[in-house]
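Taking the working numbering, I'd label the letters of the sequence shown as residues 25 to 188.
Backbone N, C-alpha and C define an ideal beta-carbon position, used for all residues, glycine too.
What follows is a single structure, written as structure tokens, with notes after it.
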Amino acid sequence: MSAALITATGIGLLGLVYSAVIGFMAATSDGVFQHVSVGIFSTLIMLLSHSMTMFYLIGKGKAVREAVAEGQLSPDLYTVVAVARKPVFSIATVAMFLTMLTAIVGGGVDTGALPVAVHSILAVSAIAANFMALRTEVAAMLLSSRVVDQINALLKENEPQSHS
């Protein structure tokens, strides 16, 4: 599951970058149409992938907390996961906000109500925030997976041995 979320976020980020490149180079209405189409699709992918990643990390933390309690393991194992996932929620929220704001302001640019520069600055900011969010999400998922592997090994060690 985590690989799929990371892949979706990566694809969405590449889409945002591609949309920005198309937008900066658009000289015709066809170029603007392609920019808008790729931008909207990529925005939806980013919002979905960041949201699902946060829900995934919430669920992973709950599972780790329960396994630690049931297996009477060190609570430090849960603390490691909680600390790793905490920055994901703030940076992913900022990335989603900037991505949505960029798309909304893009509509204002299309109608002539806002200057292109505002949309451009927001687009670059959104891409940077999404890149930072992806890095943070990957780090949190890798660390939480290592902790889950460690918990599984400890639980296996503590299993009562059956003698047949």
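Judged by their CB atoms, S66 and G95 are not nearer to each other than the 8 Å cut-off. In this model, G63 and K110 are separated by some 28 Å (Cα to Cα). If you check the CB distance, T33 and H74 come in under 8 Å. For E183, there is no enclosing alpha helix (DSSP H), as DSSP marks it with neither H nor E. Counting C-beta pairs closer than 8 Å gives fewer than three between the stretch 126-145 and the stretch 83-90, which falls short of the contact rule.
Look at the beta carbons and you see the stretch 165-183 touching the stretch 97-115: at least three pairs across the two are nearer than 8 Å. Counted as a single uninterrupted DSSP element, the alpha helix (DSSP H) harbouring L29 occupies residues 26-49.
Cα atoms of A28 and T77: separation of roughly 10 Å, rounded to the nearest angstrom.
Cα atoms of P139 and L72: separation of roughly 28 Å, rounded to the nearest angstrom.
Looking only at S149, A177, K86, the smallest Cα-Cα distance to Y102 is reached by K86. In this structure, the CA atom of A50 is about 22 Å from the CA atom of L122.
In the three-state reduction of the DSSP assignment, L146 falls in the helix class.
Just measuring C-alpha positions, the residue of I46, V162, V142, A153 sitting nearest I30 is V162. A straight line joining the alpha-carbon of A119 with that of S149 spans about 9 Å. Collapsing the DSSP output to three states places T52 in coil.
For L125, the enclosing alpha helix (DSSP H) has its first and last residue at 100-135.
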